[in-house]
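Residues in the sequence shown are numbered from 1 upward in steps of one, following this note's numbering.
Beneath this line is the structure, given in structure tokens, with notes to follow.
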Amino acid sequence: MSTPIRLLMGAAVSAAAILAVLRFGGLERRARADVARARILAPAFGYAKGPAAGDPGPGAVPAGDGWVVTPLAAPGTPVTDADIDVLPEPARRYFRHANVAGKSRIASFSVILEGRIRNGPADPWMPLVMRQYNRLDNPARVVFLTSTKPPMNGIDSFLEGRGRMLIKAMDLIKVVDSRGPEMAVSAFVTFLNDLTLCPLAYFSLPILWRQAGPDSVELSIAHAGMTVSAVMTVDAEGRPVDWRSEDRYADVKGRSLKDRWSTPFEGSKEIAGLRIPEKGAGIHDYDGNPYVYVELDRIHTLVLDAENLPDRP
1 MSTPIRLLMG
11 AAVSAAAILA
21 VLRFGGLERR
31 ARADVARARI
41 LAPAFGYAKG
51 PAAGDPGPGA
61 VPAGDGWVVT
71 PLAAPGTPVT
81 DADIDVLPEP
91 ARRYFRHANV
101 AGKSRIASFS
111 VILEGRIRNG
121 PADPWMPLVM
131 RQYNRLDNPA
141 RVVFLTSTKP
151 PMNGIDSFLE
161 GRGRMLIKAM
171 DLIKVVDSRG
181 PEMAVSAFVT
191 FLNDLTLCPL
201 AYFSLPILWR
211 QAGPDSVELS
221 IAHAGMTVSA
231 VMTVDAEGRP
241 VDWRSEDRYA
251 DVKGRSLKDR
261 WSTPFEGSKE
271 IAGLRIPEKG
281 AGIHDYDGNP
291 YVYVELDRIH
301 TLVLDAENLP
311 DRP
């Protein structure tokens with residue numbers, strides 16, 4: 001076959017692939033299909049019957065060793081002052097600041113995060129937009145990632161107890177496809193961390209709480225045979241300033257290394273009636289040399305009881 005013919009055939013194949021992406025939506029369409037799957041899953045947790053008007057609610061359930069369980073009730077049931085009062089003091093401070101009292105419990109939320117990301121401490125930064133959906137009563141998260149330099153799309157998901165990171169260049173060429181037990185537990189940790197973006201969501205999950213210090217609280221959740229935990233630190237006003245977990249893994253040159261993962265936060269702003277961090281970052285520490293790998297300076301478009309991914313900003 002002559003070189004011109006090969007070039008023409010290659011161009012035809014590339015054009016067909018691009019048209020397929022435009023027609024079917026590529027990874028974004030797959031991400032929306034994952035959201036649809038998440039929405040039809042059977043609830044994983046049982047909810048107590050919501051309290052009657054004026055009833056302060058059932059309160060947290062002691063779980064031993066200083067732990068208490070979040071007071072659970074069905075979506076639509078308001079979070080009461082009594083629900084907050086039974087939690088450890090740093091958690092009470094946090095939820096008072098977050099303005100959750102009187103708000104109705106939710107089944108899901110969506111949010112958009114924008115910033116930049118890099119693969120390693122010496123690698124260049126790339127712009128990043130994350131549009132995400134979280135379901136609560138059967139823990140799930142679907143995040144559609146986009147970057148323009150280089151042009152890449154991806155899906156970061158936790159669904160039916162399994163985690164996956166799928167990245168494609170130009171929405172066509174697979175460059176990352178991580179899954180397996182370490183990815184599952186890492187994605188579950190990230191799901192727990194996501195709740196700082198929507199503090200009301202904590203009251204739709206059976207989270208265990210206990211005080212870890214004057215300004216810090218340990219939290220833990222179990223699901224799909226996994227248990228993960230973290231320590232959240234708040235300032236005097238109740239603003240979250242740090243969140244740390246040692247249950248996550250980092251993929252480093254094809255190896256899965258235990259990661260002392262943390263997400264410091266800055267500032268506070270009100271959105272959807274809740275106070276959430278204004279900015280955040282992600283820090284890997286798998287070898288004693290921590291470095292910032294993601295910075296998120298725009299957190300916006302929080303939607304309570306969301307039904308799909310947010311639209312493009």
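Just so you know, even glycine gets a beta-carbon here, dropped at the ideal spot from N, CA and C.
- Item | Minimum C-alpha distance to residue 250 - residue among 287, 271 and 168 | Numbered from 1 along the sequence shown, position 250 holds the residue referred to as residue 250. Of 287, 271 and 168, the residue nearest in Cα terms is 287.
- Going by alpha carbons, who is nearest to residue 181 out of 281, 257 and 83? Residue mapping note: residue 181 aligns to position 181 of the sequence shown, counting from 1. Among 281, 257 and 83, the Cα nearest to that of residue 181 is on 257.
- If residue 248 and residue 189 are in contact, beta carbons under 8 Å, what's the gap, nearest whole angstrom? The residue labelled residue 248 in the question sits at position 248 within the sequence shown. The residue labelled residue 189 in the question sits at position 189 within the sequence shown. Indeed, because the Cβ distance is near 5 Å, the residues count as touching under 8 Å.
- CB residue 95 to CB residue 306, shorter than 7 Å? Along the sequence shown, one-based indexing puts residue 95 at 95. Along the sequence shown, one-based indexing puts residue 306 at 306. No; because the gap between Cβ atoms is not below 7 Å, this pair is not in contact.
- Could you give the distance in angstroms between the alpha-carbon of residue 85 and the alpha-carbon of residue 76? Translated into the one-based positions of the sequence shown, residue 85 becomes position 85. Translated into the one-based positions of the sequence shown, residue 76 becomes position 76. Each residue's Cα considered, the two are about 20 Å apart.
- Query: Do residue 217 and residue 139 come within 7 Å of each other at the CB atom, strictly closer than that value?
  - Reply: As a working note, residue 139 is residue 139 in the sequence shown. As a working note, residue 217 is residue 217 in the sequence shown. No, these two residues do not count as a Cβ contact at 7 Å.
- Coarse secondary structure for residue 74, derived from DSSP in three states: Translated into positions along the sequence shown, residue 74 becomes position 74. Three-state DSSP puts residue 74 in coil, outside helix and strand.
- What residue range is occupied by the uninterrupted alpha helix (DSSP H) comprising residue 35? Here residue 35 is taken as the residue at index 35 of the sequence shown, counted from 1. Segment 26-39, the alpha helix (DSSP H) holding residue 35.
- Pairwise C-alpha distance: residue 154 and residue 34: Counting from 1 along the sequence shown, the entry for residue 34 is found at position 34. Counting from 1 along the sequence shown, the entry for residue 154 is found at position 154. Going by the C-alpha atoms only, they are around 13 Å apart.
- With 16 as the cutoff for other CB atoms within 10 Å, does residue 168 come out buried or exposed? Start at 1 with the first residue of the sequence shown, and residue 168 comes out as number 168. Buried, because 16 or more other Cβ atoms sit within 10 Å of the Cβ of residue 168.
- Continuous beta strand (DSSP E) assignments of at least 3 residues falling wholly in the stretch 179-247: 208-213, 216-223 and 226-234
- Message: Report the CB separation of residue 199 from residue 281 in whole angstroms; it is logged as a contact under 8 Å.
- Response: One-based indexing of the sequence shown puts residue 199 at position 199. One-based indexing of the sequence shown puts residue 281 at position 281. That pair is no contact at about 19 Å.
- Message: Let me make sure I understand the geometry here. Which of 186, 37, 92 and 311 has the alpha-carbon closest to that of residue 236?
- Response: Here residue 236 refers to the residue found at position 236 of the sequence shown. Residue 92 is the option with its Cα nearest to residue 236.
- Return the Cβ separation of residue 158 and residue 122 in integer angstroms, given the expectation that the two are a contact with Cβ distance under 8 Å. Counted from its first residue, the sequence shown places residue 158 at position 158. Counted from its first residue, the sequence shown places residue 122 at position 122. In fact, because the Cβ distance is near 29 Å, the residues do not count as touching under 8 Å.
- Neighbourhood of residue 274 by C-beta distance below 8 Å, restricted to the same chain and skipping five residues each side: In the sequence shown, counting from the first residue as 1, residue 274 sits at position 274. Counting only Cβ-Cβ distances below 8 Å, and skipping sequence neighbours, we find 98, 99, 100, 103, 198, 199, 200 and 302.
- Cα-Cα separation, residue 40 to residue 87: Position 40 of the sequence shown, counting from 1, holds the residue named residue 40. Position 87 of the sequence shown, counting from 1, holds the residue named residue 87. One C-alpha to the other measures close to 32 Å.
- Query: According to DSSP, is residue 249 helix, strand or coil?
  - Reply: Taking the first residue of the sequence shown as position 1, residue 249 is located at position 249. Residue 249: strand per DSSP, three-state reduction.
- Return the Cβ separation of residue 223 and residue 44 in integer angstroms, given the expectation that the two are a contact with Cβ distance under 8 Å. Translated into the one-based positions of the sequence shown, residue 223 becomes position 223. Translated into the one-based positions of the sequence shown, residue 44 becomes position 44. The Cβ separation is near 6 Å, so the contact holds.
- Item | Distance, residue 225 Cα to residue 184 Cα | Here residue 184 corresponds to residue number 184 of the sequence shown, with the count starting at 1. Here residue 225 corresponds to residue number 225 of the sequence shown, with the count starting at 1. Approximately 11 Å between the Cα atoms of the pair.
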